[in-house]
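Below: one structure, written as structure tokens.
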Amino acid sequence: MAPEKDSNSLDDFAFSLKGRFCDLPDSKNGEDLDSSLDGKGNKLVYCVTDVPPWYLCIILGIQHCLTAFGGIIAIPLIVSQGLCLQHDGLTQSHLISTIFFVSGVCTLLQVTFGIRLPILQGGTFTLLAPSMAMLSMPEWECPAWTQNASLVNTTSEEFIDVWQSRMRALQGSIMVGSLFQVFVGFSGLIGLFMRFIGPLTIAPTISLIGLSLFDSAGASAGNHWGISAMTTALIILFSQYLRHIPVPFPKYSKDKKLHTSRVYIFQILPVLLGITLSWLICFILTTYNVLPADPDQYGYLARTDLKGDIMNQAPWFSFPYPGQWGMPTVSLAGVVGILAGVISSMIESVGDYHACARLSGAPPPPRHAINRGIGIEGIGCLLAGAWGTGNGTTSYSENVGALGITKVGSRMVIIASGVLMIVMGVFGKVGAIFTTIPSPVIGGMFMVMFGVISAAGVSNLQYANMNSSRNIFIFGFSIFSGLVIPNWIFKNPKAIATGVVELDQVLQVLLTTSMFVGGFLGFILDNTIPGSKHERGILAWNQAHEDDFSNTPEGGEVYNLPFGISSYLSSFSWLRYIPFCPPHTPGSLDGSGADTKSLEPKLRLGNPEPAQIIVGVAL
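In this text, residue positions in the sequence shown follow the working numbering: the first is 35, and each later residue adds one.
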């Protein structure tokens, strides 16, 4: 473990006077998990079980909302094309409000009863491909008149039936497909699969999450490279170069009266500060017409007034509810395609759980927590289908990357994000405001976040012997194939023609999902090519990821069910055989088998005193 810093040191301290900090989890033999980090950068400002001040939770929650905003807002805008809603901005805003509301509800469920890690839930791109494939089928092809803005009457019954019939078919397919994920999670099958999943499977899966999104990040950033480069530079400046520089803020106390307190705000709020400043600059450039007003000119998409009509049309209050678009219908082809996306989503989420635990200072998740996490994600997809988002839910990788940058791993921050997303879904105007964030700003943020995720995936290779030509081949081939095969399929969409439409759709979805291709090849090769357990990294991986951490002080505090549920369930001995229930060791008060007196932060500097980050509210 990295040596603890003296209390007078300023390295990686968010608050210079008093506070509490946690190290990242140690390995069994006492070595630092992240060998690339030194003692300075291996401190967390807040651990997963810490509770920051309420105002800091709100500020950091806003940052996570903004981090996930690009992905959440993009999904309904893309799905609206398949639903024939290109020229119906008001319905698009309703879809955006609905996906925000459901994402908030699913986030609260996941953090409270699921994996219980600070991981945010939102729309998933793995279900976007099968959804668009389903909507591109001949029976769901949009009528020609819906593509002409002058011919579309958004209030006519004919137009409403056109898009709602497609939405209902999509809803039913997502709901039926999500039942498979619920079964796999709560039955413990995903935990059984973990026996065969090692670092050479997880590493390409996580890395390809970021690498496969280079095109979408480049497309958003390419709308104005100057604005996106400024956003990226600001986030890098705040998170890497200025993180050790304190900023004095006025503070008042009875003892010292009015005085100044040094706050390491750049380390805690780099993404929020970078997005806010870039957004403000774009607003100024739009106000003074520095950015072009002609849609055909380069840089037009950097303006902040492109969606001003949504602000005027969006209602102040709009409470989404299940079945708001009508009774869902079921399409066999749609269900088969959605199942392929669900498989990819589960593989991605298992990797996200480990990355999130690693970056939030939590022990690696035990099997029962992974089972609950996958099961709750399946319930989230079921809710998303019932509410009619046109998509499902999954763990957001970019928010896992934000944990590594901000060094704030408290799950209370993610709970605040979930509440904020619910509020944004209910108050239509609030959600409409965020639609004015220019796409180049979102692209600049993606440049940083997806890079962090790719590196987090590669870091899992520390468990394997990378001096082995076997392991080098498996990882290199999996990564390269995960980039080459989907790219070729995208360029040759008609290459897959088995004569069975449903089979074609399944193959199309699987082979265009980079995470699935790379993870599947890594899984097959790692389990079939001869190699010792030490060479494959299985011994070190099992020690770090398959040991039962739920009976340790840290594991019980992080992964056991809340509100005393674990203690209550421990009185029923037969529940120990339920795959998603935490095990119980007699003698503990919380059902974790641990002495609650040992649940102390790894480093405490005096009595905790919250930092005064009032400037975040002003921003």
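The C-beta atom is built at its ideal place from N, Cα and C for all residues, glycine as well.
Which same chain residues, not among the five before or five after residue i, have their C-beta less than 6 Å away from its C-beta?
i: Ser473; result: Ser254, Asn257 and Leu335
i: Leu325; result: Leu319, Gly333, Ala336 and Arg337
i: Lys567; result: Leu573
i: Pro86; result: Tyr80 and Ser444
i: Lys463; result: Ala348 and Trp350
i: Gly116; result: Met166 and Leu169
i: Val651; result: Confidence at Val651 is low in this model, with a pLDDT of 33, below 50, so its placement is unreliable and no value can be given for it.
i: Trp179; result: Leu185
Can you name the start and end residues of the alpha helix (DSSP H) that residue i belongs to?
i: Lys290; result: Careful: Lys290 lies outside any alpha helix (DSSP H) and carries neither H nor E.
i: Thr239; result: Pro233 to Leu245
i: Glu382; result: Leu366 to Leu393
i: His568; result: Lys567 to Arg570
i: Arg229; result: Element bounds for Arg229: n/a, residue is neither H nor E.
i: Glu191; result: Glu191 to Phe220
i: Arg401; result: Arg401 to Trp421
i: Gln144; result: Gly123 to Phe147
i: Val85; result: Looking at the DSSP string, Val85 is not in any alpha helix (DSSP H), and its letter there is neither H nor E.
i: Tyr602; result: Ile599 to Leu603
i: Leu311; result: Pro304 to Thr321
i: Arg445; result: Arg445 to Val460
i: Trp522; result: Ser503 to Lys525
i: Phe30; result: Because residue 30 is not part of the residues shown, which for the chain are 35 to 653, the question remains open.
i: Ala263; result: Trp259 to Ile270
i: Ser352; result: Neither: Ser352 is in no alpha helix (DSSP H) and is coded neither H nor E.
i: Phe554; result: Ser548 to Thr562
i: Ser254; result: Phe248 to Ala255
I think residue i touches residue j, with their Cβ atoms under 8 Å apart; what is that distance to the nearest whole Å?
i: Gly552; j: Gly516; result: 3 Å
i: Ala260; j: Gly412; result: A quick correction: the sequence has Gly, not Ala, at residue 260. 43 Å between Cβ atoms; not a contact.
i: Ile149; j: Ala403; result: 5 Å
i: Ala391; j: Pro399; result: 6 Å
i: Gln215; j: Val376; result: 5 Å
i: Met479; j: Thr265; result: 6 Å
i: Ile410; j: Leu142; result: About 10 Å; that fails the 8 Å criterion.
In or out: residue i buried (at least 16 other Cβ within 10 Å) or exposed?
i: Ser605; result: exposed
i: Trp174; result: buried
i: Trp421; result: buried
i: Trp522; result: exposed
i: His388; result: buried
i: Phe507; result: exposed
i: Asp122; result: buried
i: Arg610; result: exposed
i: Ala367; result: buried
i: Ser683; result: Residue 683 lies beyond the residue range present for the chain, which begins at 35 and ends at 653; the question has no answer from this structure.
i: Pro282; result: exposed
i: Phe524; result: exposed
i: Pro329; result: exposed
i: Leu94; result: buried
i: Gln331; result: exposed
i: Arg406; result: buried
i: Pro527; result: exposed
i: Asn63; result: With a pLDDT of only 42 at Asn63, under 50, the local geometry of the prediction cannot be trusted, and the value read off the model is given with reservation. Classification for Asn63: exposed.
i: Asp386; result: buried
i: Arg277; result: buried
i: Lys441; result: buried
i: Arg229; result: exposed
i: Thr428; result: buried
Once you ignore the five residues that flank residue i on each side, which residues in its own chain have a CB closer than 8 Å to its CB?
i: Thr235; result: Gly553, Gly556, Phe557 and Asp560
i: Ala327; result: Tyr334 and Arg337
i: Pro520; result: Ser246, Leu545, Thr546, Thr547, Ser548 and Val551
i: Asp167; result: The question names Asp, but residue 167 in the sequence shown is Ala. These residues qualify, in order along the chain: Gly371, Gln539, Gln542 and Val543.
i: Val339; result: The question names Val, but residue 339 is Asp in the sequence shown. Counting only Cβ-Cβ distances below 8 Å, and skipping sequence neighbours, we find Thr320 and Thr470.
i: Glu634; result: Confidence at Glu634 is low in this model, with a pLDDT of 36, below 50, so the placement of that residue is unreliable and no value is reported for it.
i: Trp359; result: Gln198, Met201, Arg202, Gln205 and Gly422
i: Ile112; result: Leu162 and Met166
In chain order, what residues of the same chain have a beta carbon less than 7 Å from the beta carbon of residue i, not counting five sequence neighbours either side?
i: Val453; result: Gly138
i: Ile133; result: Ile106, Ile109, Pro110, Gly157, Thr423 and Asn425
i: Pro284; result: Leu292 and Thr294
i: Ile96; result: Leu306 and Leu454
i: Val210; result: Val364 and Val369
i: Pro596; result: Thr146
i: Ala353; result: Here the sequence assigns Phe to residue 353, which means Ala is not the residue at that position. These residues qualify, in order along the chain: Val460.
i: Leu417; result: Val136, Val139 and Cys140
i: Met500; result: Ile506
Three or more C-beta pairs below 8 Å linking the segment 350 to 369 and the segment 188 to 205: yes
Stretch-stretch touch, CB-based, cutoff 8 Å, three pairs: the segment 149 to 161 with the segment 426 to 446: yes
Cβ contact check for the segment 373 to 385 and the segment 182 to 194: 3 or more pairs under 8 Å: no
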